[in-house]
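> Below is a structure I'd like to ask you about.
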Amino acid sequence: MTISQDPTAPLIVLVGITGLQGGSVARALIESNKSYRPAAEAFAAQGVQIVGVSLTIENALSVQKAFNGADIAFVSKMLVDTAKLIGVKLLVWSGLALSNGKFSRVGFFDAKKAVTDMRRTLAGYYASNIFEAPYALKKQLGGSYAFGLPTPPTTQVPLIDVAHDHGLYVRAAIEDPSLGAGSEVLSGRLISFGEIVATLAEVSGKKIEYLEMDRETFIAATGMPDYGPMLSDMFEAFAVHGYYGGKETTNERLLARKPRLWSEFLAVVQVKELLK
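First residue of the sequence shown: 1, per the UniProt record's numbering; consecutive thereafter.
See the structure below:
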């Protein structure tokens, strides 16, 4: 994104720029050769205007002021109504996948037409989750590892280095004319959990076994009796419906550059150091 103070340049509001998705969007737009006027919550050193606002219902008027003049907004569901009220022309909504109500404990949503043009971007399965979910990858006696989930090893997820690559998909949603009103931009590259574990073992040099766990064993392994059933529902839904409900991920040829492969992500995070 060429940071511009030209009043004719589109104004983009990014909500949650300090998070993985928001930060990735900002970086991807900054790499673009198109001009946008800045309005966000960080990246001030690169010319992005900082706006601090509490995103609560009680603070609705202040939130509306933060969107004033915006042409494009990257938001979550709670801000759709504000974007509509202010008259945002393009809304890029970062949402969740659907399971048609079968797995009721997972927080899904139904999209609705709210502004002139809404495009929904769905983030794939975070590559960092493989290491940050303590219930999944566990070190065993003797130095080997086990990776256990309540889903078959053939279950596929659209793995993505969110911080590095998710913004590429949002940038495509904003800039590519082939992605019209109502488009869904589905990020990530499909890979099975079995392949994830096999590549992790190969790159790290560690012995790692995939364990297909039953629901009760998995919930107990999470150590979270309230949260565990929801997690189990999520992984079971992946096997039955697919991460995106059977839909294909967005063609990478629409992106400004190629996203990282799982093996490339492992090299960047120095997996051998992580799994000492």
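Note that beta-carbon positions come from the ideal geometry of N, C-alpha and C, so glycine has one too.
Taking Cβ to Cβ, would you say proline 153 is nearer than 8 angstroms to leucine 186?
As a first step, residue 153 must be located in the sequence shown, where it is residue number 153. As a first step, residue 186 must be located in the sequence shown, where it is residue number 186. Cβ distance not < 8 angstroms, so proline 153 and leucine 186 don't count as in contact.
> Can you find the residues in the same chain that come closer than 8 angstroms, C-beta to C-beta, to alanine 172, ignoring five residues on each side of it along the sequence?
As a position in the sequence shown, residue 172 is number 172, starting the count at 1. Cβ within range, chain order: Leu179, Val185, Thr250, Leu254, Leu255, Ala256.
> Could you spell out where the beta strand (DSSP E) holding alanine 146 opens and where it closes?
What you label residue 146 is simply residue 146 of the sequence shown in a count that begins at 1. First-last of the beta strand (DSSP E) with alanine 146: 145–149.
> What's the call for leucine 231, buried or exposed, on a 16-neighbour Cβ count within 10 Å?
Stepping through the sequence shown from its first residue, residue 231 is reached at position 231. Classification for leucine 231: buried.
> Quick one, which of Glu216, Phe131, Leu211, Gly167 has its alpha-carbon nearest glutamate 273's?
For the purposes of this step, residue 273 is taken as residue 273 along the sequence shown, with counting starting at 1. Ranking Glu216, Phe131, Leu211, Gly167 by Cα distance to glutamate 273 puts Phe131 first.
> Tell me the DSSP secondary structure of tyrosine 169 in three-state form.
One-based indexing of the sequence shown puts residue 169 at position 169. Helix at tyrosine 169.
> Let me confirm a value: serine 144 is counted as buried when at least 16 other C-beta atoms fall within 10 Å, else exposed. Which label applies?
Here residue 144 refers to the residue found at position 144 of the sequence shown. Looking at its Cβ environment, which holds fewer than 16 other Cβ atoms inside 10 Å, serine 144 is exposed.
> Taking arginine 215 as part of the alpha helix (DSSP H), name the residues at either end of that continuous run.
Taking the first residue of the sequence shown as position 1, residue 215 is located at position 215. It spans 215–222 - the alpha helix (DSSP H) in which arginine 215 sits, taken as one unbroken run.
> If you measure between the beta carbons of alanine 127 and glycine 23, is that distance less than 8 angstroms?
Walking along the sequence shown from the start, residue 127 turns up at place 127. Walking along the sequence shown from the start, residue 23 turns up at place 23. Not in contact: alanine 127 and glycine 23 (Cβ atoms no closer than 8 angstroms).
> Just the Cα atoms here: how many angstroms apart are serine 204 and alanine 181?
Residue mapping note: residue 204 aligns to position 204 of the sequence shown, counting from 1. Residue mapping note: residue 181 aligns to position 181 of the sequence shown, counting from 1. Cα to Cα, the separation comes out at about 43 angstroms.
> Give me the Cβ distance between residue 278 and tryptophan 262, rounded to the nearest whole Å; I'm assuming they're in contact under 8 angstroms.
Beyond the ends of the chain as shown, which are 1 and 276, falls residue 278; an answer cannot be given.
> Leaving out five residues on either side along the sequence, give the residues of the same chain with a beta carbon under 7 angstroms from the beta carbon of lysine 206.
Within the sequence shown, the letter at position 206 stands for residue 206. Excluding residues within five positions, the ones whose Cβ falls inside 7 angstroms are Ser144, Tyr145, Leu275.
> When the Cα atoms are used, what is the spatial distance from glutamine 267 to tyrosine 125?
Residue 267 sits at position 267 when you count from the first residue of the sequence shown. Residue 125 sits at position 125 when you count from the first residue of the sequence shown. What sits at residue 267 in the sequence shown is alanine, not glutamine. Spanning the two alpha carbons is a distance of roughly 18 angstroms.
> Considering only residues of the same chain and omitting the five flanking positions on each side of glutamate 212, which have a CB-CB separation below 6 angstroms?
Residue 212 sits at position 212 when you count from the first residue of the sequence shown. Answer for glutamate 212: Pro152, listed in chain order.
> Which residue marks the beginning of the beta strand (DSSP E) containing lysine 138, and which one marks its end?
Counting from 1 along the sequence shown, the entry for residue 138 is found at position 138. Its beta strand (DSSP E) spans residues 137–139.
> Note down, in chain order, each residue of its chain lying with its Cβ closer than 7 angstroms to the Cβ of phenylalanine 238, except the 5 sequence neighbours on either side.
Taking the first residue of the sequence shown as position 1, residue 238 is located at position 238. Within the same chain, phenylalanine 238 has close Cβ partners Thr151, Thr155, Val157.
> Tell me, please, which residues DSSP counts as bridged to arginine 189.
Within the sequence shown, residue 189 is the residue found at index 189, counting from 1. According to DSSP, which records beta bridges pairwise, arginine 189 is partnered with Leu159.
> Here's a check: name, in chain order, each residue in its chain whose Cβ is nearer than 6 angstroms to the Cβ of lysine 139, leaving out the five neighbours to either side.
Here residue 139 refers to the residue found at position 139 when the sequence shown is read from its first residue. Cβ within range, chain order: Tyr145.
> Tell me the DSSP secondary structure of glutamate 132 in three-state form.
Mapped onto the sequence shown, residue 132 falls at position 132. Reduced to three states, the DSSP call for glutamate 132 is helix.
> Following the continuous beta strand (DSSP E) through glutamate 212, name the residue where it begins and the one where it ends.
As a position in the sequence shown, residue 212 is number 212, starting the count at 1. Per DSSP, glutamate 212 belongs to the beta strand (DSSP E) from 208–212.
> Can you list, in chain order, the residues of its chain whose CB lies under 7 angstroms from that of alanine 201, leaving out five sequence neighbours each side?
For this step, residue 201 is matched to residue 201 along the sequence shown. Closer than 7 angstroms at Cβ, skipping near neighbours: Lys207, Ile208.
> Tell me which same chain residues have a C-beta within less than 7 angstroms of the C-beta of arginine 215, skipping the five on either side of it?
If you number the sequence shown from 1, residue 215 lands on position 215. The residues are Pro150, Ser232.
> Between alanine 220 and tyrosine 135, what straight-line distance do the alpha-carbon atoms span, to the nearest angstrom?
For the purposes of this step, residue 220 is taken as the residue at position 220 of the sequence shown. For the purposes of this step, residue 135 is taken as the residue at position 135 of the sequence shown. For alanine 220 and tyrosine 135, the distance between alpha carbons rounds to 9 angstroms.
> Are glycine 167 and alanine 28 closer than 8 angstroms when you measure CB to CB?
Along the sequence shown, one-based indexing puts residue 167 at 167. Along the sequence shown, one-based indexing puts residue 28 at 28. Going by C-beta atoms, glycine 167 is nearer than 8 angstroms to alanine 28.
> Quick check: isoleucine 160 and alanine 123, are their CB atoms within less than 8 angstroms of each other?
Residue mapping note: residue 160 aligns to position 160 of the sequence shown, counting from 1. Residue mapping note: residue 123 aligns to position 123 of the sequence shown, counting from 1. Yes; because the gap between Cβ atoms is below 8 angstroms, this pair is in contact.
> Leaving out five residues before and five after threonine 199 in sequence, what residues of the same chain have Cβ atoms less than 6 angstroms from its Cβ?
Taking the sequence shown and counting its residues from 1, the one referred to as residue 199 is at position 199. Closer than 6 angstroms at Cβ, skipping near neighbours: Trp262, Ser263.
> Could you tell me which of Pro177, Pro225, Asp165, Gly148 sits nearest to glutamate 31, measuring between CA atoms?
For this step, residue 31 is matched to residue 31 along the sequence shown. It is Asp165 whose Cα lies nearest to the Cα of glutamate 31.
> Apart from the five residues on each side of it in sequence, which residues of its chain come closer than 7 angstroms, Cβ to Cβ, to glutamate 252?
Taking the first residue of the sequence shown as position 1, residue 252 is located at position 252. Taken in chain order, the residues that qualify are Lys258, Pro259.
> Taking the straight line between their C-alpha atoms, what separation do you get for valine 115 and serine 183?
For the purposes of this step, residue 115 is taken as the residue at position 115 of the sequence shown. For the purposes of this step, residue 183 is taken as the residue at position 183 of the sequence shown. Model confidence at valine 115 stands at a pLDDT of 40, short of 50, so the residue's coordinates are unreliable; what they give is reported in the following sentence. Spanning the two alpha carbons is a distance of roughly 13 angstroms.
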